[in-house]
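Take a look at the structure below.
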Amino acid sequence: MHSTQNDLSKQIQDTVLQAINTNKTFTIKAGGSKDFYGRNVTADKLLSLAEHQGIISYEPTELVIKARSGTPLKILQQVLAEN
């Protein structure tokens, strides 16, 4: 399995709760490859998921892979190619 593991779940939860508690808005962004779609978004805070990476579990015989939201497609392809 690939060694890149960066679980930011707690920090993401804290950011969301802080926004709720302070009545602030936020926008969620990962790699930004689809930023040109849709309308411009204004928000009080940017919640970046780009560093929230890693393969959580992989069951090749079941054809199931679970990855964190910021895991690059390149990493997923590498893991799948190994099996």
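Per the numbering used here, the very first residue in the sequence shown carries number 4; after that it's consecutive. Ideal placement from N, C-alpha and C gives every residue a C-beta, glycine not left out. All values derive from a computational prediction rather than experimental measurement.
In the DSSP assignment, find the unbroken alpha helix (DSSP H) run with residue i in it and report its ends.
i	result
L50	It is not in any alpha helix (DSSP H) - L50 instead sits in the beta strand (DSSP E) that spans K48 to S51.
S12	S12 to N24
A33	Neither: A33 is in no alpha helix (DSSP H) and is coded neither H nor E.
Q80	L76 to A84
Can you tell me where the beta strand (DSSP E) with residue i in it begins and where it stops?
i	result
K69	V67 to A70
E62	I58 to E62
By how many angstroms is the C-alpha of residue j removed from the C-alpha of residue i?
i	j	result
V67	S60	8 Å
A84	A70	16 Å
I15	Y40	24 Å
Q81	P75	10 Å
E54	N9	7 Å
L49	N24	16 Å
N26	G35	25 Å
R42	I78	30 Å
Drop a sphere of 10 angstroms on the beta-carbon of residue i, count the other beta-carbons inside from all chains shown, and report buried for 16 or more, exposed for fewer.
i	result
L20	exposed
Thinking C-beta only, is residue j closer than 8 Å to residue i?
i	j	result
L52	I31	yes
D47	T28	yes
A33	G73	yes
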